[in-house]
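Accompanying notes for the structure given below.
In our numbering, the protein residues as written are -19 to 97.
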């Protein structure tokens, strides 16, 4: 649950958003936290064109409304900003979206996430 950012990176603003406040508080890169279940409400609580970059670490495979969420990432990114999805070949099969398991291969995961854009 900790950040995958380089330990030397010190952004002016780094928002950790997720459903578990304990995990969010443990993130050493964050400057603020927002507790929100993105499966219930994928609308991000930020102004349009707010961020230079958005990352989704180890949770895109659990998103039940990925197209809405990625549209929101696009909205909150500044022009020319980047969105980065990080995921692994490990998961909780009972919790991921069904498409993640069919087939359960790295290439299929990359293609699925790319289709969200």
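For every residue, glycine included, the Cβ atom is placed at its ideal position computed from N, Cα and C.
DSSP, reduced to helix, strand and coil, places residue 32 within a strand of the structure shown. The C-beta of residue 41 has 16 or more other C-beta atoms within 10 Å across all chains shown, which makes the residue buried.
Excluding sequence positions up to five before and after residue 82, its CB lies less than 6 Å from no other CB in the same chain.
Counting the other Cβ atoms within 10 Å of the Cβ of residue 31 gives 16 or more, which makes it buried.
The beta carbon of residue 80 sits closer than 8 Å to the beta carbons of 41, 71, 89 and 92 from its chain, once the five residues preceding and following it are set aside; these are given in chain order. Around residue -2, the same chain offers 4 as residues with beta carbons nearer than 6 Å, after the five sequence neighbours per side are excluded. Around the C-beta of residue 15, fewer than 16 other C-beta atoms lie within 10 Å, and the residue is accordingly described as exposed.
Around residue 26, the same chain offers -5 and 56 as residues with beta carbons nearer than 8 Å, after the five sequence neighbours per side are excluded. Residue environment: residue 67 is assigned as buried (16 or more neighbouring CB atoms within 10 Å of its CB, all protein chains considered).
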